[in-house]
Amino acid sequence: MTSSTTWTRVVVDAAATRPDPALLRQLVAGETAVVVLRDLLPADAFAVNRERIGKLLANASTTEYVNGALTTVGPYLAKYLDRTDDYFADADAAKSMLDTVEFDLDGQVRTALRDAFGLGSVEPASEPDGRLYSPSVVRIHADGVRNPLHNDNIMRDAKGTGIALADLACQLSCVVCLQECDEGGELRIYQKEWQPADEAHKIPGGLGYDEAVVGGVPCHEFKPSAGDVYLINPTRYHSIERVHGSDRLTMGFFIGFGDDRLQDAVVWG
126 MTSSTTWTRV VVDAAATRPD PALLRQLVAG ETAVVVLRDL LPADAFAVNR
176 ERIGKLLANA STTEYVNGAL TTVGPYLAKY LDRTDDYFAD ADAAKSMLDT
226 VEFDLDGQVR TALRDAFGLG SVEPASEPDG RLYSPSVVRI HADGVRNPLH
276 NDNIMRDAKG TGIALADLAC QLSCVVCLQE CDEGGELRIY QKEWQPADEA
326 HKIPGGLGYD EAVVGGVPCH EFKPSAGDVY LINPTRYHSI ERVHGSDRLT
376 MGFFIGFGDD RLQDAVVWG
(Lines of atoms letter the chains of each structure in order from A; the text may use other names.)
(Lines give C-alpha, C1' and ligand atoms only; values in the text may rest on other atoms or scores of the structure.)
Protein backbone atom coordinates (compact mmCIF):
# COMPACT_ATOMS: atom_id res chain seq x y z
CA MET A 126 0.00 0.00 0.00
CA THR A 127 1.26 3.48 -0.84
CA SER A 128 2.22 5.44 2.25
CA SER A 129 0.40 8.59 3.36
CA THR A 130 3.51 10.63 2.55
CA THR A 131 3.09 9.86 -1.16
CA TRP A 132 -0.71 9.89 -1.18
CA THR A 133 -0.81 13.66 -1.30
CA ARG A 134 -1.68 16.65 -3.43
CA VAL A 135 0.04 18.36 -6.34
CA VAL A 136 -0.35 22.16 -6.50
CA VAL A 137 0.13 23.92 -9.84
CA ASP A 138 0.28 27.67 -10.44
CA ALA A 139 -1.77 27.44 -13.62
CA ALA A 140 -1.17 31.09 -14.50
CA ALA A 141 2.57 30.47 -14.74
CA THR A 142 2.93 26.77 -15.50
CA ARG A 143 1.04 24.43 -17.78
CA PRO A 144 0.06 21.35 -15.75
CA ASP A 145 1.53 18.05 -16.85
CA PRO A 146 -1.16 15.97 -18.64
CA ALA A 147 0.29 12.97 -16.81
CA LEU A 148 -1.43 14.30 -13.69
CA LEU A 149 -4.76 13.14 -15.11
CA ARG A 150 -3.40 9.61 -15.50
CA GLN A 151 -2.05 9.70 -11.97
CA LEU A 152 -5.50 10.62 -10.68
CA VAL A 153 -7.17 7.87 -12.71
CA ALA A 154 -4.64 5.34 -11.43
CA GLY A 155 -5.08 6.42 -7.83
CA GLU A 156 -1.47 7.59 -7.50
CA THR A 157 -2.29 11.21 -6.56
CA ALA A 158 -4.88 12.36 -4.05
CA VAL A 159 -5.66 15.87 -5.31
CA VAL A 160 -4.47 18.13 -8.14
CA VAL A 161 -4.95 21.79 -7.20
CA LEU A 162 -4.92 24.40 -9.95
CA ARG A 163 -4.33 27.90 -8.60
CA ASP A 164 -5.14 30.93 -10.75
CA LEU A 165 -6.66 28.82 -13.50
CA LEU A 166 -8.96 31.78 -14.21
CA PRO A 167 -8.66 35.49 -13.39
CA ALA A 168 -9.92 36.41 -9.94
CA ASP A 169 -12.76 38.51 -11.35
CA ALA A 170 -14.25 35.43 -13.06
CA PHE A 171 -14.82 33.91 -9.62
CA ALA A 172 -16.00 37.17 -8.05
CA VAL A 173 -18.53 37.92 -10.78
CA ASN A 174 -19.95 34.40 -10.82
CA ARG A 175 -20.09 34.24 -7.03
CA GLU A 176 -22.28 37.35 -7.13
CA ARG A 177 -24.43 35.86 -9.90
CA ILE A 178 -25.03 32.55 -8.17
CA GLY A 179 -25.81 34.41 -4.97
CA LYS A 180 -29.02 35.58 -6.60
CA LEU A 181 -30.16 31.97 -6.93
CA LEU A 182 -29.23 30.49 -3.56
CA ALA A 183 -32.80 30.93 -2.36
CA ASN A 184 -33.78 28.48 -5.12
CA ALA A 185 -31.51 25.73 -3.77
CA SER A 186 -33.07 22.35 -3.02
CA THR A 187 -32.15 20.07 -0.13
CA THR A 188 -32.22 16.27 -0.08
CA GLU A 189 -32.43 14.87 3.46
CA TYR A 190 -30.74 11.66 4.59
CA VAL A 191 -30.71 10.03 8.02
CA ASN A 192 -27.11 11.16 8.49
CA GLY A 193 -27.01 14.46 6.64
CA ALA A 194 -28.32 16.57 3.79
CA LEU A 195 -27.24 17.77 0.35
CA THR A 196 -28.20 21.29 -0.69
CA THR A 197 -27.67 22.20 -4.34
CA VAL A 198 -28.53 24.60 -7.10
CA GLY A 199 -29.10 22.31 -10.06
CA PRO A 200 -29.78 18.56 -10.12
CA TYR A 201 -27.18 15.91 -9.38
CA LEU A 202 -27.49 12.72 -11.40
CA ALA A 203 -26.93 10.23 -8.57
CA LYS A 204 -30.28 11.25 -7.08
CA TYR A 205 -32.14 10.44 -10.30
CA LEU A 206 -30.76 7.14 -11.55
CA ASP A 207 -34.12 5.43 -11.10
CA ARG A 208 -35.96 8.25 -12.92
CA THR A 209 -33.65 9.73 -15.51
CA ASP A 210 -36.45 11.45 -17.44
CA ASP A 211 -36.98 13.68 -14.40
CA TYR A 212 -33.26 14.40 -14.30
CA PHE A 213 -33.13 15.68 -17.86
CA ALA A 214 -36.22 17.83 -17.30
CA ASP A 215 -34.70 19.32 -14.14
CA ALA A 216 -31.36 19.82 -15.92
CA ASP A 217 -33.10 21.88 -18.61
CA ALA A 218 -34.90 23.93 -15.97
CA ALA A 219 -31.68 24.56 -14.06
CA LYS A 220 -29.91 25.71 -17.21
CA SER A 221 -32.70 28.19 -17.92
CA MET A 222 -32.48 29.48 -14.34
CA LEU A 223 -28.70 29.89 -14.48
CA ASP A 224 -28.95 31.63 -17.83
CA THR A 225 -31.16 34.31 -16.25
CA VAL A 226 -28.21 35.47 -14.13
CA GLU A 227 -25.59 34.76 -16.84
CA PHE A 228 -23.73 32.26 -14.68
CA ASP A 229 -20.96 30.99 -16.95
CA LEU A 230 -18.23 29.78 -14.62
CA ASP A 231 -18.68 26.15 -15.64
CA GLY A 232 -18.02 26.96 -19.30
CA GLN A 233 -14.96 29.04 -18.44
CA VAL A 234 -13.53 26.25 -16.29
CA ARG A 235 -14.15 23.62 -18.99
CA THR A 236 -12.32 25.73 -21.57
CA ALA A 237 -9.45 26.42 -19.17
CA LEU A 238 -9.08 22.72 -18.33
CA ARG A 239 -9.11 21.79 -22.02
CA ASP A 240 -6.37 24.31 -22.80
CA ALA A 241 -4.31 23.62 -19.67
CA PHE A 242 -4.15 19.85 -20.21
CA GLY A 243 -4.13 19.94 -24.01
CA LEU A 244 -7.38 17.99 -24.31
CA GLY A 245 -9.30 17.61 -27.55
CA SER A 246 -12.63 18.58 -26.03
CA VAL A 247 -14.39 19.08 -22.69
CA GLU A 248 -18.12 19.36 -23.31
CA PRO A 249 -21.37 18.70 -21.42
CA ALA A 250 -22.43 15.07 -21.78
CA SER A 251 -25.44 14.23 -23.91
CA GLU A 252 -27.55 11.23 -24.82
CA PRO A 253 -27.75 9.96 -28.43
CA ASP A 254 -31.22 11.51 -28.65
CA GLY A 255 -29.77 14.95 -27.86
CA ARG A 256 -30.82 15.27 -24.22
CA LEU A 257 -28.21 17.27 -22.34
CA TYR A 258 -26.87 16.52 -18.88
CA SER A 259 -26.53 19.36 -16.40
CA PRO A 260 -23.00 20.75 -16.94
CA SER A 261 -22.42 21.49 -13.25
CA VAL A 262 -24.02 21.67 -9.82
CA VAL A 263 -23.51 24.26 -7.10
CA ARG A 264 -23.25 22.78 -3.61
CA ILE A 265 -23.92 24.67 -0.40
CA HIS A 266 -22.47 23.36 2.85
CA ALA A 267 -23.91 25.56 5.60
CA ASP A 268 -22.73 25.90 9.17
CA GLY A 269 -22.82 22.52 10.90
CA VAL A 270 -23.10 20.44 7.70
CA ARG A 271 -20.81 17.51 6.98
CA ASN A 272 -20.80 15.45 3.76
CA PRO A 273 -20.35 11.84 4.97
CA LEU A 274 -17.85 9.34 3.62
CA HIS A 275 -18.84 8.17 0.14
CA ASN A 276 -17.59 7.45 -3.35
CA ASP A 277 -18.94 8.25 -6.82
CA ASN A 278 -18.76 5.83 -9.73
CA ILE A 279 -21.24 6.42 -12.53
CA MET A 280 -20.08 3.32 -14.43
CA ARG A 281 -21.15 1.21 -11.43
CA ASP A 282 -24.19 3.17 -10.31
CA ALA A 283 -25.75 3.65 -13.78
CA LYS A 284 -25.25 0.05 -14.88
CA GLY A 285 -28.50 -1.24 -16.33
CA THR A 286 -30.09 2.21 -16.70
CA GLY A 287 -29.27 2.49 -20.39
CA ILE A 288 -27.74 5.96 -20.11
CA ALA A 289 -24.59 6.71 -22.08
CA LEU A 290 -22.44 7.54 -19.04
CA ALA A 291 -22.54 3.93 -17.87
CA ASP A 292 -20.17 3.08 -20.73
CA LEU A 293 -17.40 5.50 -19.77
CA ALA A 294 -13.88 4.19 -19.15
CA CYS A 295 -13.10 6.38 -16.13
CA GLN A 296 -14.35 9.27 -14.04
CA LEU A 297 -12.75 12.27 -12.34
CA SER A 298 -14.28 15.19 -10.47
CA CYS A 299 -13.61 18.92 -10.72
CA VAL A 300 -14.51 21.24 -7.83
CA VAL A 301 -14.30 25.04 -7.89
CA CYS A 302 -14.23 26.83 -4.54
CA LEU A 303 -16.43 29.93 -4.77
CA GLN A 304 -16.46 30.70 -1.06
CA GLU A 305 -14.50 29.11 1.76
CA CYS A 306 -15.92 28.56 5.22
CA ASP A 307 -14.39 30.01 8.38
CA GLU A 308 -13.37 26.66 9.84
CA GLY A 309 -13.69 23.02 8.82
CA GLY A 310 -14.89 22.05 5.37
CA GLU A 311 -11.78 20.02 4.57
CA LEU A 312 -11.85 17.41 1.85
CA ARG A 313 -10.64 14.07 3.17
CA ILE A 314 -9.84 11.57 0.44
CA TYR A 315 -8.70 8.01 0.99
CA GLN A 316 -6.60 5.78 -1.21
CA LYS A 317 -9.26 3.15 -1.54
CA GLU A 318 -11.73 2.24 -4.26
CA TRP A 319 -15.10 0.74 -3.47
CA GLN A 320 -15.28 -3.05 -3.36
CA PRO A 321 -18.49 -5.13 -3.25
CA ALA A 322 -17.67 -6.28 0.27
CA ASP A 323 -17.83 -2.63 1.38
CA GLU A 324 -21.62 -2.73 1.19
CA ALA A 325 -21.54 -4.24 4.66
CA HIS A 326 -20.53 -0.74 5.80
CA LYS A 327 -23.27 1.13 3.89
CA ILE A 328 -25.40 3.31 6.14
CA PRO A 329 -29.03 2.11 5.82
CA GLY A 330 -31.23 4.92 4.52
CA GLY A 331 -28.29 7.26 4.73
CA LEU A 332 -25.62 8.84 2.66
CA GLY A 333 -22.38 6.92 2.29
CA TYR A 334 -20.49 4.50 4.46
CA ASP A 335 -19.34 3.96 7.99
CA GLU A 336 -15.80 5.22 8.61
CA ALA A 337 -14.67 1.68 9.41
CA VAL A 338 -14.56 0.96 5.66
CA VAL A 339 -11.39 3.08 5.36
CA GLY A 340 -9.71 1.99 8.57
CA GLY A 341 -5.91 2.02 8.15
CA VAL A 342 -6.10 3.46 4.62
CA PRO A 343 -3.85 6.44 3.68
CA CYS A 344 -5.84 9.67 3.83
CA HIS A 345 -5.08 13.14 2.52
CA GLU A 346 -6.76 16.28 3.85
CA PHE A 347 -7.12 19.46 1.80
CA LYS A 348 -8.92 22.70 2.70
CA PRO A 349 -9.63 24.72 -0.45
CA SER A 350 -9.41 28.50 -0.67
CA ALA A 351 -11.69 30.70 -2.76
CA GLY A 352 -10.57 30.51 -6.39
CA ASP A 353 -9.03 27.06 -6.11
CA VAL A 354 -9.95 24.57 -8.82
CA TYR A 355 -9.14 21.02 -7.80
CA LEU A 356 -9.42 17.57 -9.33
CA ILE A 357 -9.88 14.25 -7.58
CA ASN A 358 -10.76 10.70 -8.48
CA PRO A 359 -14.20 10.40 -6.83
CA THR A 360 -14.22 6.61 -7.07
CA ARG A 361 -11.92 6.82 -4.03
CA TYR A 362 -13.68 7.28 -0.71
CA HIS A 363 -13.96 10.91 0.35
CA SER A 364 -15.84 13.20 2.72
CA ILE A 365 -16.25 16.91 3.47
CA GLU A 366 -15.69 17.67 7.12
CA ARG A 367 -18.13 19.70 9.20
CA VAL A 368 -18.41 23.34 8.17
CA HIS A 369 -18.28 26.17 10.71
CA GLY A 370 -19.16 29.80 10.11
CA SER A 371 -19.66 31.03 6.55
CA ASP A 372 -21.13 28.67 3.95
CA ARG A 373 -18.74 26.48 1.97
CA LEU A 374 -19.87 27.24 -1.58
CA THR A 375 -18.56 25.21 -4.52
CA MET A 376 -19.38 24.49 -8.13
CA GLY A 377 -18.51 21.07 -9.40
CA PHE A 378 -18.87 18.58 -12.18
CA PHE A 379 -17.75 15.08 -12.96
CA ILE A 380 -15.40 14.49 -15.89
CA GLY A 381 -15.68 11.29 -17.90
CA PHE A 382 -13.45 9.80 -20.57
CA GLY A 383 -14.64 7.20 -23.05
CA ASP A 384 -11.26 5.48 -23.40
CA ASP A 385 -7.79 5.41 -21.88
CA ARG A 386 -6.39 8.05 -24.23
CA LEU A 387 -7.85 10.68 -21.87
CA GLN A 388 -8.24 13.15 -24.72
CA ASP A 389 -11.94 13.87 -25.13
CA ALA A 390 -13.99 14.48 -22.02
CA VAL A 391 -17.65 14.90 -21.15
CA VAL A 392 -18.93 16.52 -17.97
CA TRP A 393 -22.10 16.31 -15.91
CA GLY A 394 -23.45 17.39 -12.56
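With this note's numbering applied, the sequence shown corresponds to residues 126 to 394, in that order.
From the three backbone atoms N, C-alpha and C, an ideal C-beta is built for every residue, glycine too.
Residue ranges of uninterrupted alpha helix (DSSP H) with 4 or more members, entirely inside the segment 215-297 and ordered along the chain, are 230-242, 279-282. According to the DSSP assignment, G377 belongs to no alpha helix (DSSP H) but to the beta strand (DSSP E) extending over 373-382. Counting every other CB atom within 10 Å of its CB across the protein chains shown gives G193 a total of 16 or more, marking it as buried.
From the listed residues H266, T188, F379, A289, the smallest Cα separation to G255 is found for A289. DSSP, reduced to helix, strand and coil, places T133 outside both helices and strands of the structure shown, so it counts as coil. Here R175 carries a helix assignment [DSSP, helix/strand/coil]. When DSSP states are grouped into helix, strand and coil, E366 belongs to the coil group. Secondary structure at A390: strand, using DSSP grouped into helix, strand and coil. Here the C-alpha atom of D372 lies approximately 15 Å from the C-alpha atom of L312. For P321 and K327, the gap between their C-alpha atoms comes out near 11 Å.
The beta carbons of P249 and V135 sit no closer together than 9 Å. By alpha-carbon distance to R271, the top candidate from L195, L230, A283 is L195. The DSSP-derived three-state label of A194 is strand. A distance below 9 Å separates the beta carbons of R264 and T375.
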